[in-house]
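In this note's numbering, the protein residues as written are -4 to 377.
Glycine included, C-beta positions come from ideal geometry on N, C-alpha and C.
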Ligand SMILES: *Cc1c(COP(=O)(O)O)cnc(C)c1O
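As structure tokens, then:
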């Protein structure tokens, strides 16, 4: 039997309805052409499909279609946002503010910029994993050009006060970028109301295909192109547009918009069921915020058990652990360490992430598996 999939924060399966749409954009009898081909009907049709998808993602985050720049995913969107602003605005200053628990796509990009003469401040998250607007405000300097704070943390699921942070940045005339890979399709997003300048989107976190994403670039904000060649996407990102991928992203966005409230209601119940069941285990504790969190992510630690043995004792569950493979060794999660967990407890942590195809029966089984495994390991340790 296949393990129960509880790793939706790592990636989601493509929604069948999305897969069906994508399949119509590949073959000779489908919508296969280059959307940049202006001289024939095939090209026009592909362009229409791509622009329809642009409308669907714009609709989900309430942006203008002209504010959407296609990328290969959130990693590229983060690179384009951060390097693009750094390059564009380096004459005004070279200071960047971010947090220490961003995704590697942000952290590694900032680390690269630090080798290019930029100065990066890494804010330490509060105990619940969030970063406050006040923390951002206190970190701003005269030479700050960019703040990059993620919308939802991928390990903890906690939601940052992006609207308040945007206010602080707006007042200081500093650009705000947010990596919203874990937020799009999960929480209601209105970029105008939020006041962000740049927002990264990743299709495979909301039931679209892997290898595609977008960067929202607010009108009037300029990011220097990072991938040169042909001047696609209004000169911000070159490369032939992948019609099937984009149609998939668009359809996935459309489905999320339609079902957002209902889906969150279901996931909130499932998460509560899981949390209640697991909290009954002696030594169990919750990581991250119990107030400001997405409905699909639950991160918990199990004190008194060996982390590596814990995951090995749970072959029935597809989950993520508080350990990251760093070449040969297992390193405790830098996110869990940043919110104050000791190495042992970080290793003995599990991120459960639920999604569209999770159900109550799976949760019930998961509680049983984890309870049994933890009890057994504690017995062995005693
Ligand atoms: C998944 C994820 C990314 C990377 O997105 P890709 O599209 O896979 O490149 C970046 N940031 C966060 C927070 C993520 O969860």
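Using 8 Å as the cut-off, classify the Cβ of residue i as near or not near the heavy atoms of ligand 1, replying yes or no.
i	result
residue 1	no
residue 198	yes
residue 224	no
residue 98	yes
residue 76	no
residue 69	yes
residue 23	no
residue 177	yes
residue 103	no
residue 195	yes
residue -4	no
residue 92	no
residue 287	no
residue 294	no
residue 124	no
residue 73	yes
residue 326	no
residue 274	no
residue 282	no
residue 205	yes
residue 208	yes
residue 148	yes
residue 4	yes
residue 40	no
residue 375	no
residue 145	yes
residue 339	no
residue 159	no
residue 54	no
Kindly identify the DSSP beta-bridge partner or partners of residue i.
i	result
residue 318	327
residue 375	Bridge partners of residue 375: none, in fact.
residue 312	-1
residue 288	153
residue 115	91
residue 56	In the DSSP output, where bridge partners are listed per residue, residue 56 has none listed.
residue 348	2 and 292
residue 147	154
What is the residue span of the beta strand (DSSP E) that residue i lies within?
i	result
residue 279	279 to 282
residue 91	90 to 94
residue 416	No answer is possible for residue 416: it lies beyond the span of the chain, which begins at -4 and ends at 377.
residue 276	Looking at the DSSP string, residue 276 is not in any beta strand (DSSP E), and its letter there is neither H nor E.
Does DSSP put residue i in a helix, in a strand, or in coil?
i	result
residue 304	helix
residue 293	strand
residue 142	strand
residue 64	strand
residue 20	coil
residue 11	helix
residue 133	helix
residue 40	helix
residue 271	helix
residue 32	coil
residue 334	coil
residue 127	coil
residue 259	helix
residue 233	coil
residue 442	Missing from the structure shown is residue 442; the chain here goes from -4 to 377 and no further.
residue 224	coil
residue 254	helix
residue 47	helix
residue 353	coil
residue 400	Absent from the structure is residue 400, since the part of the chain shown begins at -4 and ends at 377.
residue 121	coil
residue 245	helix
So residue i is in the alpha helix (DSSP H); what residue range does that whole segment cover?
i	result
residue 102	99 to 109
residue 70	69 to 84
residue 342	338 to 342
Requested in this report: Could I get the ranges of all uninterrupted beta strand (DSSP E) runs contained in the stretch 153 to 215, with 3 residues as the minimum, in chain order?
Outcome: Entirely contained in the stretch 153 to 215, the beta strand (DSSP E) runs reaching 3 residues are, in chain order, 170 to 174, 193 to 197 and 208 to 212.
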